[in-house]
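S.K.: Once you've had a glance at the structure underneath, I'll fire off some questions.
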Amino acid sequence: MTYTVGKGAISGSNLDARLDGDCVRGAIRDIPVQFCRDPANPNHWVGGSGDFTAMPTPDGKSVSVDGYLVLDAGRKVAMTQVIPLGEGPQWDELRRNPALLAIAATASDLEALRIRR
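The sequence shown begins at 118 in the working numbering and counts up one residue at a time.
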């Protein structure tokens, strides 16, 4: 998958996600995305779409994600993975906003598995 990264946003053919204050809102295909930052832990995101943490690894070369995305009332998928970070301005934006990277990686995984709502 190819995604376009802007300030506080990431989009592609199967994803549109944007930071809105302390929340990420958008959609993975027709699956609504709504996560808000936990005030007690800025690496923890929770909402109607699930629950996950996304934090840079100690060496800063990847983001560690642990949690799940709710597809619908009866299904959820794991978001747990370690995502390597590249170089350049788009990667710098994702380094600043690892929740966007976690959501994009999960969208890419869903596309590869052809999981639909």
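Positions of the beta carbon are idealized from the N, C-alpha and C atoms, including for glycine.
All of these numbers come straight from a predicted model, not from anything done at the bench.
Is Val-180 near Pro-206, with beta carbons less than 7 Å apart?
M.R.: Not closer than 7 Å, so no.
S.K.: Between which residues of its own chain and Glu-210 is the CB-CB distance below 7 Å, once the five residues before and five after are set aside?
M.R.: Same-chain partners within the cutoff: Val-122 and Lys-124.
S.K.: Return the chain-ordered list of same chain residues with a C-beta closer than 8 Å to the C-beta of Ala-222, the five sequence neighbours on each side being excluded.
M.R.: Here the set comprises Val-182, Met-196, Gln-198 and Ile-200.
S.K.: Just mark Ser-130 as buried or exposed, buried being the case when its beta carbon has 16 or more other beta carbons within 10 Å.
M.R.: Exposed.
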